[in-house]
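Have a look at the structure below, then the notes.
Residue numbers (our numbering), protein chains in the order written: chain V, 115 to 336; chain R, 18 to 506.
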């Protein structure tokens, strides 16, 4: 018999007999009932508590905020997608400037060295966020592959304020994750970090040193 | 410890190793400081939660998964395969090592990069691969430092917790040529640069799994550094290795366990990354591995599964909170246990993996204060299980643990039998305590390990029983005279 059959046989022919599965009540991880304002406040508080940076902007004006950010952080080479509206709008807005736009929708084998060594930042869209933990959620696509949010030293993520939900459980349920998972689904809560040297927190160990969230509001904020 | 000293540890030498660790002020200070910080952080991060209800749910999710374990493993396998993930089964660590080595060899792999995986530590995978001429490099910073220092992890979440900044600086200086410094950012940046090159060059990435979701065939990895994402996305082949108990039924079971795990482990409200992998690179996608393998390892777990009480051991989500709160672990450190999993969880798990003969001292490495059971996010009754294993070790259990009865000695059995007889025969008991009181001076002052730190007990000149009897007799006498007096008045 194979290892598989042996293991399953031992589990099925359990000495103390079959077990009864209890029912689960998930109320404790759902039903927060926060207002949009509370959600925003919590999201911002948590993500900034782990060194995430939040820049408030508007749907119409966000590329100006992006351009300002690129200049402030001296980002000269930006990797981004092409098809997602976030990437398309960014490309249009940055077409005339000095920033070199690097196509992320290429097989990694053709530009690995460039991605690891010659890319200052990666720009991605997000599907939404979680207020309770200050987490972004991303489902990478061929247009915005999974390493785009990991390898460049700065990750710029574009988030719409109205896509922030209360809890991780709420997101999994509301968006029917169980019905079809992508190749890779990610929660990202801040830049990469470690405390492996005597509990001293250090940012930017393997992934990005900085995470900047461009938080887009539907209306111009006063 | 300096970079040059390499020490090996074994559970057979627990007492000697504990003695050494207790006499090492550096180890004592490093662990004390770290554990105090972790306990405080955990307390704070749960402060606005209904923790009991959340723990109840966590325990309940794990119990449900175990109740359906064989079915869920089959479902996990079917869904992974449907997604393009290749699934392998291994009865023990050797078999798992062989499976992993063969996958590496099929791809002509020379260099493997690893994300943190305790199961791979359990099976000594690195040594196995190196014997086959395949270099296995740890990429979690703590694991990397421990590997540079030719050690094993001393904590399941924070592998290098036994080292302080100066020691780490010395290790990095000696092994990688960095400057001697106390600047943690400098050392972190140096390790980043060293490891990034290795990620790019690696032929295979090997990771562990925190939760494997049967419903969707999804592998979940929890981490802060990004090395887990690198390991699972940069090399052309990804091999995930995990114990068969890590499966959960539904995707919705994951958020509560994740909430419990990060808060219990390091007092974080969330980790930087939660990485969910459901397939290899699909046609049209531009990165990620072309092959993903899942290796399911038994290694004694299906044996633990047989017994209703021992089963609770398998609920564990490997947060390490039991270690952080254990007064014994905090004082002796992780290496003293000489096992892959140290601390309370190690003491109830390792006897099943290594047998009680090698690990007989571990279940007694506890004061049974109960802290481990109280903080366990999935409510494993660890103290009860420690007691159960103590009973198994002396042959008073059900014999369901390998090596059961190893501590049973004729002398001890006879002594307890004798005591039982004595204590149930009041006449003999009284006369023997009276004799013991008279022969007080003959009582030995050295009673093995007991008197190493304590004075030997001395039987009282007059036993409590005799004292009570005397007291009653006096009262009786006095009562009689009172009665007489009353009559007179």
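Virtual Cβ for every residue (Gly too), placed ideally from N, Cα, C. Remember, predicted model here, so these are calculated numbers, not experimental data.
Beta-carbon separation (whole angstroms), residue i vs residue j, contact threshold 8 angstroms
i: residue 212(V); j: residue 268(V); result: Actually they do not touch by this definition, with Cβ atoms about 17 angstroms apart.
i: residue 397(R); j: residue 138(V); result: Contact doesn't hold; Cβ gap of about 18 angstroms is too wide.
i: residue 311(R); j: residue 104(R); result: 5 angstroms
i: residue 224(R); j: residue 134(R); result: 6 angstroms
i: residue 179(R); j: residue 44(R); result: 6 angstroms
i: residue 314(V); j: residue 287(R); result: Actually they are not in contact, since the Cβ atoms of residue 314(V) and residue 287(R) sit about 20 angstroms apart, beyond 8 angstroms.
i: residue 310(V); j: residue 55(R); result: In fact, because the Cβ distance is near 13 angstroms, the residues do not count as touching under 8 angstroms.
i: residue 405(R); j: residue 414(R); result: 6 angstroms
Residue environment, residue i, which counts as buried when at least 16 other CB atoms sit within 10 Å
i: residue 263(R); result: buried
i: residue 254(R); result: buried
i: residue 288(V); result: exposed
i: residue 177(R); result: buried
i: residue 19(R); result: Caution is warranted here: a pLDDT of 44 is assigned to residue 19(R), below 50, making its placement in the model unreliable, and no coordinate value can be reported.
i: residue 316(V); result: buried
i: residue 223(V); result: exposed
i: residue 232(R); result: buried
i: residue 176(V); result: buried
i: residue 487(R); result: exposed
i: residue 282(V); result: buried
i: residue 438(R); result: exposed
i: residue 219(V); result: buried
i: residue 307(R); result: exposed
i: residue 205(R); result: buried
i: residue 136(R); result: buried
i: residue 171(V); result: buried
i: residue 484(R); result: exposed
i: residue 168(R); result: buried
Interface partners of residue i on chain R, CB under 8 angstroms
i: residue 307(V); result: 241, 242, 289
i: residue 259(V); result: 302, 303, 304, 305
i: residue 241(V); result: Those within 8 angstroms of residue 241(V) in chain R number zero; the least Cβ separation is about 13 angstroms.
Beta-carbon spacing of residue i, residue j below 8 angstroms
i: residue 403(R); j: residue 368(R); result: no
i: residue 244(V); j: residue 253(V); result: no
i: residue 227(R); j: residue 212(R); result: no
i: residue 286(V); j: residue 272(R); result: yes
i: residue 315(R); j: residue 121(V); result: yes
i: residue 337(R); j: residue 174(R); result: yes
i: residue 264(V); j: residue 387(R); result: no
i: residue 313(R); j: residue 322(R); result: no
i: residue 166(R); j: residue 308(V); result: no
i: residue 34(R); j: residue 353(R); result: yes
i: residue 302(V); j: residue 279(R); result: no
i: residue 127(R); j: residue 154(R); result: no
Contact set between residue i and chain V, taken where Cβ atoms lie within less than 8 angstroms
i: residue 212(R); result: 320
i: residue 322(R); result: 124, 125, 128
i: residue 181(R); result: 312
Any chain R beta carbon closer than 8 angstroms to residue i
i: residue 312(V); result: yes
i: residue 287(V); result: yes
i: residue 302(V); result: yes
i: residue 226(V); result: yes
i: residue 238(V); result: no
i: residue 118(V); result: yes
i: residue 233(V); result: no
i: residue 115(V); result: no
i: residue 149(V); result: no
i: residue 143(V); result: yes
i: residue 220(V); result: yes
Closer than 8 angstroms to chain V by CB, residue i
i: residue 164(R); result: no
i: residue 84(R); result: yes
i: residue 330(R); result: no
i: residue 36(R); result: no
i: residue 367(R); result: no
i: residue 18(R); result: For residue 18(R), the pLDDT reaches just 42, beneath the cut-off of 50, and the residue's location in the model is therefore unreliable, although a value from the coordinates is still provided. For residue 18(R), the answer is no, since every Cβ of chain V falls outside 8 angstroms of its Cβ.
i: residue 106(R); result: yes
i: residue 51(R); result: yes
i: residue 41(R); result: no
i: residue 513(R); result: The displayed coordinates of chain R run from 18 to 506. Any statement about residue 513(R) would go beyond what the structure contains.
Within chain V, the residues that residue i reaches when beta carbons sit closer than 7 angstroms
i: residue 202(R); result: 316
i: residue 294(R); result: 298
i: residue 158(R); result: 308, 310, 319
Neighbouring residues, chain V, relative to residue i (Cβ below 9 angstroms)
i: residue 115(R); result: Neighbours of residue 115(R) on chain V: none; closest Cβ ~11 angstroms, over 9 angstroms.
i: residue 112(R); result: 117
i: residue 247(R); result: 261, 264, 265, 320, 321
Chain-ordered neighbours of residue i on chain R, where CB pairs are closer than 9 angstroms
i: residue 328(V); result: Result: empty, since nearest Cβ-Cβ is about 19 angstroms, beyond 9 angstroms.
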